[in-house]
Amino acid sequence: MRLRPTALAVLTAALCFSAQARPPIAAPAAPAAPPGAQDGIHAETGVQRGSVRAASARASSVFTLDDAFGRIQDTHPDLRLFGNQRSVLEAERDIAAQKPAYVAGAAIDNTLGTGALSGTKAAEVTLTLASVFERGGKLDARRAFAQSRIDALAVDREGRRLDLLAETARRYLAVVAEQRRIELAEFDIAQRKRAVAAARVRLEAGASPESGLLTAQAQLARAELDRSRAQRALLAARQFLAALWGERDPGFAAVAGDPFALPQVQDATALASLLERNPELTRFVDQRRIAESRVRLAQTQSKADVDWQVGLRRQQENGDFGFVASVSMPLGAAARAQPGIRGAQAELALLETEREAKGLSLYSTLVEAQGRYRLGALETERLKQDVLPRLERAEKAAEYAYRAGAISYLELALLQAESVAVRRQRLDAALDAQLALIEIQRLTGEPFLAAATAPAGATP
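With mature numbering (1 follows the signal peptide of the UniProt record, and there is no 0) applied, the sequence shown covers -21 to -1, 1 to 439.
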């Protein structure tokens, strides 16, 4: 199976990254970290500051999903493995294409015996040339069987390649997710700082007890803890992504991508028609060819081969030469070949059942992924359109009311927590939709490009 020339970009659209997309900010440095810690490398790792700065300089450019795909296809051993397997199968094909060997022989009769046969006076020397005459097209059947295995290797490689690209997209999405969680933590820290400042003003004015300020400071500390946790998670996600191409120290810091850009996808019925391109199904076409070749190879065994031998015999006694020849053929070859033929035919029939079962499994996975995607996209859009605007207005009103002494800090804190929770819910819904989209594209091989008007930077 050969995919379109755009096969490399099939999964690129999984995160809907566009050239205009605003790259998410890199993880900000923790307050106590040394210079260069914005890459997620902290003082307690024991790395010298100079090497940290060098790593930061190397990772200054924004990393893209295409960059990750390129590294996977260039370096991943699973893909290089197929080249070695092809060499093995080609060698087996060359062996299968060989005809039966010629066998040269020599025999001495009537020598070193007793009486008249003592010594070599009555010896007979025979020189022979022998081989096997194959019947039933065995050579062509062996050659076709070996070639069918080579042809199937290309589909297996394509299936493995798409699986690797899908895994790369998922790990890349995890990095994007942690970058967005850092942005969300920064948003929470900013609003908590405003609350601390307002609580201090009210305390100094005698309008609020000290507990209000202490509570606001505690909430700020929790928000900073969330940021530190996200920074560590970002470092782990970057290392997990880079491990796909064998890097121990990721050579990038920030990655580009907007998880909130969710394109329209077709309904399940339309997507199901694209499943036929899935390598997990197309491999059955090649497996069927292999099974058919195995049936033909088994059928050739019903015709026995003929062993032949020709040669010259010389009698030492009188110096005369004579031509000798012999042929032999085993009997009952057709009956002995029947079990092998039945087994090969049963294996061929089994493939049809396996393909049907695999088709049902893939369709079930596709329907589930398509449902998850639509649910996630709907939740993401409704939260953006209906919930967040009202919460933003409520936040501004609550902060003003708190400064004016109209509400308590508890009411303000609850509203701030709700604001962060809704933003986190929207991010989680978008990420779940993106994971479902990656699975849809892995199953169908169909790229879904975001509209040109898709927002590059959504509200965290």
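Ideal placement from N, C-alpha and C gives every residue a C-beta, glycine not left out.
Since the structure is predicted, the reported quantities are computational estimates derived from the model, not experimental observations.
Quick check: residue i and residue j, are their CB atoms within less than 8 Å of each other?
i	j	result
ARG159	LEU406	yes
GLU418	ALA313	no
ALA120	LEU327	no
LEU253	GLY424	yes
GLU371	LEU391	no
GLU259	LEU339	no
LEU192	ALA178	yes
LEU357	VAL401	no
THR147	ALA47	yes
GLN324	VAL264	no
VAL366	ASP167	no
ARG267	LEU329	no
LEU241	LEU345	no
ILE269	ALA209	no
ALA235	VAL41	yes
GLN170	GLN395	yes
LEU199	VAL175	yes
GLN64	LEU141	no
GLN295	ALA86	no
Which one or two residues does DSSP pair with residue i in a beta bridge?
i	result
ASP88	GLU103
ASP286	VAL111, SER307
VAL82	ALA109
PHE42	VAL234
ARG293	VAL104, PHE300
Would you call residue i buried or exposed, if buried means 16 or more other Cβ atoms sit within 10 Å of its Cβ?
i	result
LEU91	exposed
PHE112	exposed
THR248	exposed
SER305	exposed
VAL244	buried
ASP18	Only weak support exists for where ASP18 lies, its pLDDT of 35 falling under 50; the coordinates are left without a value.
PRO368	exposed
ARG375	Residue identity check: residue 375 is Lys in the sequence provided, not Arg. Flag for LYS375 reads exposed.
VAL134	buried
LYS117	buried
GLU183	exposed
PRO238	buried
ARG217	buried
ASP246	exposed
THR332	exposed
Looking only at its own chain, which residues have a Cβ that is under 6 Å from the Cβ of residue i, when we skip the five neighbours before and after it?
i	result
SER272	ALA123, PHE124, SER127
ARG293	VAL104, PHE300
VAL82	ALA109
LEU291	LEU106, PHE300
LEU96	ASN89
ASP57	ARG139
ALA409	PRO238, PHE239, THR359
Does chain C have any CB closer than 8 Å to the CB of residue i?
i	result
ARG139	Here there is only one protein chain, and chain C is not present.
Report yes if the C-beta of residue i is less than 7 Å from at least one heavy atom of the ligand SAH; otherwise report no.
i	result
ASP46	Among the components modelled here there is no ligand, and therefore nothing to report on the ligand SAH.
Once the 5 residues before and after residue i are set aside, which same chain residues still bring their CB inside 8 Å of it?
i	result
LEU115	The sequence shown places Gly at residue 115, rather than the Leu named in the question. Same-chain partners within the cutoff: GLN278, THR279, GLN280, SER281, LYS282.
ARG149	LEU414, ILE417
ARG382	ALA177, VAL180, ARG181
HIS55	LEU143, LEU223, TRP224
MET308	ALA283, ASP284, VAL285, ASP286
Whose C-beta lies closer than 7 Å to the C-beta of residue i among residues of the same chain, with five residues either side of it excluded?
i	result
ASP411	ARG351, GLY355
SER343	none
ALA202	ALA164, ASP167, ILE168, ARG171
At which residue ranges does the region 111 to 152 contain complete alpha helix (DSSP H) runs of 4 or more residues, listed in the order of the chain? Those alpha helix (DSSP H) runs which fall completely within the region 111 to 152 and span 4+ residues do not exist here.
Restricting to runs no shorter than 3 residues, where is the beta strand (DSSP E) found entirely within the region 154 to 209? none
4-residue-minimum alpha helix (DSSP H) runs that sit fully inside the region 298 to 372, ordered along the chain: 312 to 361
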